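>
Residue numbers (my numbering): 7 to 350.
(1) Secondary structure at residue 333, three-state DSSP: helix, strand or coil?
(2) Quick check on DSSP: helix, strand or coil for residue 194?
(3) Cβ of residue 142 within 8 Å of Cβ of residue 190?
(4) Which residues mark the beginning and the end of the beta strand (DSSP E) in which residue 273 is found?
(5) From the DSSP output, read off the bridge partner residues of residue 351.
(6) Report the residue ranges of all beta strand (DSSP E) runs contained in full by the region 48 to 135; include only those spanning at least 3 residues, in chain order.
(7) Under the rule that 16 or more other beta-carbon atoms within 10 Å means buried, what is residue 110, buried or exposed?
(8) On the three-pair Cβ rule with 8 Å, is the region 268 to 282 touching the region 209 to 228?
(9) Candidates 330, 307, 38, 10: which alpha carbon is nearest residue 195's?
(10) Note down the Cα distance separating residue 11 from residue 87, rounded to an integer number of angstroms.
(11) What is the rounded straight-line gap between the Cα of residue 252 and the Cα of residue 127?
(12) Which parts of the region 172 to 241 are runs of the beta strand (DSSP E), unbroken and 3 residues or longer, counting only runs that do not cross its ends?
(13) Check this for me: beta carbons of residue 326 and residue 277, under 8 Å apart or not?
(14) In three-state terms, what does DSSP make of residue 167?
(15) If you pair each beta-carbon of the region 166 to 184 with each one of the region 103 to 121, do three or more pairs fall below 8 Å?
(16) For residue 139, which of helix, strand or coil comes out of DSSP?
(17) Thinking just about the alpha-carbon of each residue, which of 290, 101, 84, 146 is nearest to the one in residue 311?
(18) In its own chain, which residues sit with a C-beta less than 6 Å from the C-beta of residue 296, not counting the 5 before and 5 after it?
(19) So, with DSSP's three-state summary, where would you put residue 152?
(20) Determine the direct distance from the alpha carbon of residue 18 to that of residue 40, and round the result to whole angstroms.
(21) To which residues of the same chain is residue 98 closer than 6 Å at the C-beta, ignoring the five residues directly before and after it?
(22) Can you tell me whether residue 161 is buried or exposed? The criterion is at least 16 other CB atoms within 10 Å of its CB, across all chains shown.
(23) Taking only the alpha-carbon atoms, compute the straight-line gap between residue 108 and residue 322 and give it to the nearest angstrom.
(24) What did DSSP end up calling residue 419 once you bin it into helix, strand or coil?
(25) Give the secondary structure of residue 319 by DSSP, where H, G and I count as helix, E and B as strand, and everything else as coil.
(26) Taking C-alpha atoms, which residue in 89, 23, 48, 45 lies nearest to residue 96?
(27) Skipping 5 residues on each side, what residues in its chain have a beta carbon closer than 6 Å to that of residue 78?
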């Protein structure tokens with residue numbers, strides 16, 4: 007049994023990850039600020055489920071701390087109180103479009119908070135820090151599929167810029183202090199208990215209510231939709247395998263995904279892009295109801311297409327995401343109808 011610190015534990019991915027770790031017998035210390043970016047009741051319900059799961063286990067191996075990671079002193083006290091085998095940092099200000107309206111929130115949650123995480127990890131000699139990055143770092147990059155071994159120097163939104171900054175900050179700590187770090191670039195995560203600001207949630211809600219859904223780029227862009235259970239498997243596998251230096255790293259031809267420091271970057275995506283129009287069709291089929299569509303141009307900051315090269319993920323962990331959109335959307339719809347008591 008390992009003890010994991012999971013930040014953003016009340017979030018979509020943090021909840022699923024913590025549940026998986028608890029089910030396999032690990033101990034989870036979870037922290038979350040429970041901010042109101044979206045309905046806090048959904049976050050509180052996730053925490054309730056994790057507590058109930060822990061209470062049903064004789065070890066009672068889940069503890070929740072309501073904590074803002076910007077508060078370094080409170081974070082340091084947490085590390086003084088407990089010891090952690092691994093830290094998995096998922097807490098962040100989410101949302102691509104919100105970063106156009108409120109960039110300060112991203113500086114606080116994605117830069118200052120991540121600095122504090124790096125500091126406690128190095129000061130308390132954490133064996134491995136695994137953290138969430140995003141496919142958004144590829145930005146203006148159009149060479150598909152997106153590879154970790156190519157540069158990502160042209161982000162299209164401030165959110166992506168802060169996540170790229172996280173990767174650079176992690177490398178500096180890996181180099182200076184020997185802190186093993188692994189960054190995971192998630193590709194369009196979806197599934198049960200998803201965020202209400204994400205397309206799947208919004209589309210489902212509006213279709214059921216007979217309201218029009220906003221379809222950007224006329225539904226023609228593609229996304230590498232990745233089911234949350236596949237993401238969680240990738241996160242656990244990456245965390246369990248401590249990042250190590252690449253013995254073949256060449257400073258004259260530097261590989262962005264590795265280093266002569268204990269630093270790694272991986273994509274986690276389906277490697278199977280799906281058009282937004284097909285994604286909507288899968289939702290319609292599950293609901294048995296057609297969507298009213300408001301067709302709109304591509305939004306500022308959006309990219310036309312994403313698809314992940316997962317060669318490294320498969321090579322190093324013997325794993326690649328494989329849940330189909332049809333299967334994943336069906337599971338989400340089943341959860342949504344049950345959670346909101348629709349059709350009961």
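From the three backbone atoms N, C-alpha and C, an ideal C-beta is built for every residue, glycine too.
Predicted model only: the values in this text are computed from it and were never measured.
Considering the structure as presented:
(1) helix
(2) coil
(3) no
(4) 269 to 274
(5) Outside the modelled stretch of the chain, which goes from 7 to 350, sits residue 351, for which no answer is possible.
(6) 68 to 72, 92 to 95
(7) exposed
(8) yes
(9) 330
(10) 12 Å
(11) 22 Å
(12) 187 to 192, 218 to 222
(13) yes
(14) helix
(15) yes
(16) strand
(17) 146
(18) 290
(19) strand
(20) 12 Å
(21) 115, 116
(22) buried
(23) 38 Å
(24) Residue coverage of the chain in this structure runs from 7 to 350, which leaves residue 419 outside it and unanswerable.
(25) helix
(26) 23
(27) 122
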